[in-house]
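In this note's numbering, the protein residues as written are 80 to 652. Backbone N, C-alpha and C fix where the C-beta goes; we use that ideal spot for every residue, glycine too. If you're wondering where the values come from, they're calculated on a predicted model, not measured in any experiment.
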Amino acid sequence: MATDEDVVMFPDSSQRVLAVVALAALAAVPLACDSPPGKAKQEVPDFNGDGYADLVAPGTLSTVDGVERAGAVSVVYGSRSGPATEHGQVISRATKGTLGRLAARGTGFGDSPVARDLDGDGFTDLAVTVSTDIDDRHGTVVLWGSSTGLSGGTTLPGGWGLHGGDFDGDGQADLLLGSYYGSDRRDGDGPTVLYGPLSRDGKAHRKDSLGTDWGDDIGPRGILVGDLTGDGRDDLVTSQGFEEMQEHGRFFKGDEDGLEQHASDDINSYSSNGVVADFDGDGYGDLVVRDVGMVSEDSEYRPGELRVFRGSDSGPGSRAQQITQESLDLPGLDEQAVGDGFGDVLAAADVNGDGYADLAIGLPGEDTGQVPDTGAVVLLLGGKKGLTASGAQVISQDTPGVPGRGEQGDGFGSALRTGDLNHDGHPDLAVGAPGENGTVQKSGAVWILNGTANGLSTANVTSFGPAALGAPEKGYDGTDLDVQGTYFGGNFTAGEDGCVAAARGGDNGSSSCALPNDGGMNGWSMTAASVAAAASVLFAISYRRRKTSPSGPAKTSWWLTRFEREPRPPVGS
């Protein structure tokens, strides 16, 4: 399944998780995992077909052959003992056997990765975007899987952002090529769906455009993928707007002919971060998004509010349950306040194994006493009536058993991802804190909270930072652009800061992680993907700098990005 952009994932039931903007779904078996009747199967990235899941780590600001911000993709192939880092593969546009072109400054090769078996040959393929920060030209490159791994390089026009899924339910992977806010600056076709299989010369079985008839909107600035109707086909929810104005969302239902647009103007004013999961156990995925108001730029000045739309045969309902920090009234949380970031980051899975999906909510700006922005995570349990505060948990670095202590600007909860890292049948939760100090100040760290029948456990918590793998902590110095780091796993356009982390889980739980950081930009974004057939997971984290008020100091915001990342630094970084 596709990953997210910018960090979002969509479980469509308590038994499975669809990566919405995540590159692949978590599973305990290679290639595809069995799903309940009427549910689509998920794919695990296995580029060489050996039965072990592989890892991908984009570094879109990486220096290649001395060329800054050329970008590269790192791949670590899975093995019986986990990722075989000694056989890592680094691919750029200059790699012989792929595009074979000279590295070009600012092309950002490797953004928005999607790992799916696009040609139907049994080997997972990798699609990434190439862009420039000069005239907004974008393109897509498909690297083909084989018994020897990834090779080749087929180029496709367009692709501002990539999303994978199976929108017509035929068992073949489909690829959605996004475009600049819905309409490409050159051809005006808007987002395009390439229905699989895809041939090696780039021809799709068929293709269709979502069109450009978006009314007064430019088009979708946010795209979420997941099965809201419970029919085994992926659906699409888009967020429209013009510049800073949010308008409404649209629902595209997957059917045997592909995506069909259905009116859903009631889903309005939401961010592109969200999850789809069956919180009430009725067989339909429910949509959870953060309400950002009519002016998206004002969202950072508004207390967080989540809206839960129940799924149905016809898609998300028109009535929404509202959840705020204040309405939960949970011990361990300060009063609701602007800047807490409630709902900026979301993840979902059936942590306690009761058949209902649970919701993890990040509050990276939550204060601990008089210490600002230490961060926290809330776990809400699902049930017959959906999400409630009953049995909810609040976890921070100051919770007994969690390594470390909360410090100003840690941002614990800035990135979240679920996955059964230790293969015990309960999804675990990975939590990112990009402001955590390590060998370099604010180099960041990740914590793994184990899932149990009683929820998240703070016993035997694993924590690691970039020093654990000797990962690069500095990259592009940003001398002529307000960006630093390698952008290793980021998927934003030029001018937004980011770096990334990679981690793997195994039969004994989480092991290693690479968190390349800029050593002072406070942040990264996190995602997860399978690492080995034993339900292993990889993480990545990205961030963006912003102001907390028109005249206030700069602050960072964090959210889940799309796809997997890998520990090894790209060539030349």
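Neighbour-count burial assignment, residue i, 16 or more Cβ in a 10 Å radius
i, result
"Arg148", "buried"
"Asp133", "buried"
"Arg703", "No answer is possible for residue 703: the residues shown for the chain start at 80 and end at 652."
"Lys332", "buried"
"His505", "buried"
"Ser589", "The predicted position of Ser589 is uncertain, since its pLDDT is 31 and thus under 50; a value taken from the coordinates is nonetheless stated next. Ser589 is buried by the Cβ-count criterion."
"Glu445", "buried"
"Gly470", "exposed"
"Asp144", "exposed"
"Asn431", "buried"
"Ala550", "Note on Ala550: pLDDT 37, under 50, position unreliable in the model; the coordinate value appears next. Ala550 should be labelled buried."
"Ser318", "buried"
"Ser171", "buried"
"Glu384", "buried"
"Gly189", "buried"
"Asp201", "It should be noted that the sequence gives Gly, not Asp, for residue 201. The residue is exposed, with fewer than 16 neighbouring Cβ atoms inside 10 Å."
"Thr518", "exposed"
"Asp125", "buried"
"Asp365", "buried"
"Trp638", "Because Trp638 carries a pLDDT of 31, less than 50, the predicted location of this residue cannot be relied on, and no value is offered for it."
"Pro270", "buried"
"Arg484", "exposed"
"Lys521", "buried"
"Asp392", "exposed"
Residue of the options minimising C-alpha distance to residue i
i, options, result
"Ala494", "Gly514, Lys464, Ala399", "Gly514"
"Ala252", "Pro236, Ile527, Arg312", "Arg312"
"His166", "Val154, Thr177, Arg172", "Val154"
"Gly238", "Gly244, Ser225, Val207", "Val207"
"Gly511", "Thr531, Pro443, Asp452", "Pro443"
"Gln168", "Phe188, Val146, Arg195, Gly228", "Gly228"
"Ser191", "Ala151, Pro451, Ala468, Asp446", "Ala151"
"Asn529", "Ala428, Thr174, Gly243", "Ala428"
"Asp361", "Phe330, Gly461, Val450", "Gly461"
"Thr541", "Val146, Ala455, Leu508, Ser230", "Leu508"
"Thr447", "Asp423, Gly422, Asn431, Gln487", "Gln487"
"Ala173", "Arg195, Asp196, Val146, Leu235", "Val146"
"Gly281", "Leu409, Leu307, Thr233, Thr203", "Thr233"
"Ser230", "Thr518, Gly243, Leu205", "Leu205"
"Ala455", "Ser278, Asp503, Gln404, Asp196", "Gln404"
"Arg285", "Asp198, Lys175, Asp503, Tyr131", "Asp198"
"Thr467", "Tyr435, Ser225, Glu414, Thr308", "Tyr435"
"Thr531", "Gln449, Ser391, Asn539", "Asn539"
"Ser210", "Gly257, Gly244, Trp526, Gly224", "Gly257"
"Gly441", "Gln520, Gly490, Leu307", "Gly490"
"Gln401", "Val367, Ser393, Ser391, Val220", "Val367"
"Ile302", "Asn516, Asp499, Gly244, Gly492", "Gly244"
"Ala524", "Glu335, Phe543, Leu535, Asn533", "Phe543"
"Thr308", "Leu289, Glu339, Ala283", "Glu339"
"Val450", "Lys463, Asp477, Ala439", "Asp477"
"Asp423", "Gly492, Ile527, Thr203, Glu414", "Gly492"
"Thr177", "Ser536, Tyr156, Thr219", "Thr219"
Cβ separation of residue i and residue j, assumed to be a contact under 8 Å, to the nearest whole Å
i, j, result
"Val316", "Pro395", "7 Å"
"Asp433", "Leu458", "Actually they do not touch by this definition, with Cβ atoms about 13 Å apart."
"Val473", "Gly411", "4 Å"
"Ser475", "Thr453", "6 Å"
"Tyr363", "Asp357", "6 Å"
"Leu241", "Leu222", "The Cβ separation is near 13 Å, so there is no contact."
"Leu425", "Val481", "The pair is not a contact, with the Cβ atoms about 20 Å apart (cut-off 8 Å)."
"Phe330", "Asp310", "Not a contact, Cβ separation roughly 14 Å."
"Asp359", "Arg389", "7 Å"
"Gly337", "Asp287", "6 Å"
"Asn127", "Ser278", "Actually they do not touch by this definition, with Cβ atoms about 21 Å apart."
"Gly465", "Val417", "Going by Cβ atoms, the distance from Gly465 to Val417 rounds to 27 Å, so no, they are not a contact pair."
Cβ-heavy atom distance, residue i to the ligand MG, below 6 Å
i, result
"Ser226", "What this structure holds is no ligand at all, so the ligand MG is not there to describe."
**Request:** Can you check the segment 209-250 for any alpha helix (DSSP H) of at least 4 residues that lies completely inside it and give the ranges in chain order?
**Result:** Counting whole runs of 4 or more residues, the segment 209-250 contains no alpha helix (DSSP H) stretch at all.
Segment contact flag, the segment 240-252 with the segment 270-283, C-beta cutoff 8 Å, min 3 pairs | Yes, the segment 240-252 touches the segment 270-283.
Completely contained alpha helix (DSSP H) runs for the segment 363-434, where each covers 4 or more residues:
List check, alpha helix (DSSP H) in window: 404-407.
Fill in: Every unbroken beta strand (DSSP E) within the segment 463-531, with a cutoff of 3 residues, ordered by chain
Entirely contained in the segment 463-531, the beta strand (DSSP E) runs reaching 3 residues are, in chain order, 467-474, 494-498, 507-512, 524-531.
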